[in-house]
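Below: the structure, in structure tokens.
Below, the structure written as structure tokens:
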């Protein structure tokens with residue numbers, strides 16, 4: 001849409017900083033939480049997977065509710081900012097408590113502690129993050145500017161992930177004579193939890209404060225929203241083919257992500273037999289790839305459009321993320337003593353990071369276009385509801401992925417609280433094949449994305465029509 005003024009860089013930066021909170025939470029879950037409760041505290045994979053699944057289902061159910069409520073919210077501070085501010089401090093306390101279970105807890109006690117605090121953390125995060133995502137869609141109506149907003153959010157997310165991985169692993173989990181892999185040292189987890197709690201709260205408050213001057217320019221809750229029942233909102237959203245494409249694609253990707261995230265640290269420690277410092281170093285490949293993918297999004301969207309971009313990213317990501325594992329299983333990957341070992345893993349992680357960054361930015365920008373088309377068709381501005389609906393299916397599917405991985409660990413007989421030297425070759429081989437099952441879901445998402453139908457011309461036409469309609473009101 002030509003002629004639309006660009007957002008100030010300070011606004012996009014302030015908005016992007018808000019992603020730091022969610023990234024610390026998600027990266028902490030992925031890297032530390034499941035591994036901590038299984039390999040350090042001794043909770044079985046099935047109970048750990050079930051606890052995370054319960055929390056994710058609760059999270060998924062509350063997502064549409066948070067979106068619906070914030071869409072309807074009326075206040076002098078707008079629809080989104082009040083929820084962002086209210087969530088900041090309670091989120092920090094809940095995150096710290098998650099990593100502080102009493103030492104005397106049994107298996108059932110650990111299960112309820114993990115499930116209870118994971119529900120609390122995810123519930124408070126939902127209260128913040130769904131309105132935050134909706135805010136990003138409302139900041140601009142321009143096709144390319146939406147990619148820019150998503151890119152700032154993505155860059156801040158990458159920096160937060162780098163902070164967690166590089167600083168968190170090296171500072172709080174150093175390798176020692178007692179713990180050859182620092183991740184097995186229980187004393188590091190309260191420290192990393194406290195640091196994360198402080199950073200999450202500060203990031204949310206900074207984002208809310210830095211975007212407060214846009215409140216007067218943001219869409220307000222309309223009278224039509226008040227009268228429309230939820231079932232009509234669901235029917236209208238599902239009637240949009242492009243929304244269905246993103247909905248199903250997100251679901252398939254989420255199952256894949258759930259499996260990979262659950263097993264990622266197990267794979268690093270037991271399959272690759274990496275130290276905590278080596279894990280931190282190799283993670284740089286993934287983290288460097290993310291901003292490259294983010295920066296490629298805008299030029300690729302101009303050249304190939306968003307749909308083609310996300311399809312290519314969805315194909316490359318699973319291939320790059322698992323080619324080294326397959327090569328190791330086939331006996332053609334260099335040994336750990338080889339000078340090629342680290343560079344090859346670094347390279348494939350870099351490519352996987354590029355694909356991930358590209359897919360995330362493309363998906364967020366595409367969803368913003370879907371919300372605009374929904375507004376045009378129905379007359380209702382429901383960014384919160386639509387973003388939360390997609391998040392709903394993603395989290396439900398991720399819950400399935402976590403459970404599959406957790407139960408899978410027990411089915412393959414993978415030991416808990418085990419030193420890497422005590423795990424057999426057969427056990428780590430079964431672990432690798434369990435991880436590879438995630439690829440099938442990633443590839444299947446491509447089929448869903450083919451049905452997405454909003455290109456640049458269609459989006460710009462819709463934006464012009466909305467402006468003309470609003471001018472008549």
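Residue numbers (our numbering): 1 to 473. Here a beta-carbon is modelled for each residue, glycine too, at the ideal position from N, C-alpha and C. Given the structure is predicted, the values throughout are model-derived calculations rather than measurements.
- For residue 41 and residue 300, the gap between their C-alpha atoms comes out near 46 Å.
- Every alpha helix (DSSP H) of 4 residues or more that sits fully in the stretch 118-170 is shown, in chain order, as 143-162.
- Within the same chain, and ignoring the five residues on either side of residue 172 in sequence, the residues whose Cβ sits closer than 6 Å to its Cβ are 188, 191 and 192.
- Apart from the 5 residues on each side of it in sequence, residue 241 sits with its Cβ closer than 7 Å to the Cβ of 451 and 453 in its chain, given in chain order.
- Its chain contains 438 as the residues whose beta carbon lies nearer than 6 Å to that of residue 260, once the 5 sequence neighbours on both sides are disregarded; these appear in chain order.
- In this structure the stretch 196-209 does not touch the stretch 34-51; the number of beta carbon pairs closer than 8 Å is below three.
- If you draw a straight line from the Cα of residue 57 to the Cα of residue 395, it comes to about 7 Å.
- The residues 405 and 435, in chain order, have a CB closer than 6 Å to that of residue 263 in the same chain once the five nearest residues on each side in sequence are set aside.
- For residue 264, the uninterrupted alpha helix (DSSP H) segment begins and ends at 241-266.
- Around the CB of residue 424, fewer than 16 other CB atoms lie within 10 Å, so the residue is classed as exposed.
- Residue range 45-72 is occupied by the alpha helix (DSSP H) that includes residue 62.
- Here the stretch 17-27 lies against the stretch 156-169, with 3 or more beta-carbon pairs under 8 Å apart.
- The C-alpha of residue 38 lies about 10 Å from the C-alpha of residue 107.
- Residue 364 and residue 448 have their C-alpha atoms roughly 16 Å apart.
- By the neighbour-count criterion, in which a residue is buried when 16 or more other Cβ atoms sit within 10 angstroms of its Cβ, residue 286 is buried.
- Look at residue 100 here: in three-state DSSP terms it is coil, with no helix or strand label.
- Distances from the CA of residue 213 to each of 288, 131, 76 and 102 were compared; the closest alpha carbon is that of 76.
- Taking the CA atoms as reference points, residue 272 sits about 13 Å from residue 430.
- The alpha-carbon of residue 238 is positioned some 37 Å away from that of residue 93.
- Under the rule that a run must span 4 or more residues, the alpha helix (DSSP H) segments found entirely inside the stretch 256-338 read 276-329.
- Residue 12 counts as buried, since at least 16 other C-beta atoms from the protein chains shown sit within 10 angstroms of its C-beta.
- Selection 318, 119, 466 and 155 evaluated against residue 63 yields 119 as nearest (Cα-Cα).
- C-alpha of residue 217 to C-alpha of residue 243: approximately 26 Å in a straight line.
- Cβ atoms of residue 207 and residue 361 stay farther apart than 8 Å, at about 18 Å.
- Rounded to whole angstroms, the Cβ separation of residue 417 and residue 298 is 47 Å, and the two are not in contact under 8 Å.
- Note on geometry: alpha-carbon atoms of residue 130 and residue 95 lie some 18 Å from one another.
- Remark: fewer than three beta-carbon pairs, one from each stretch, lie closer than 8 Å, so the stretch 302-318 and the stretch 339-350 are not flagged as touching.
- DSSP places residue 235 within a helical segment (H, G or I) once states are collapsed to three.
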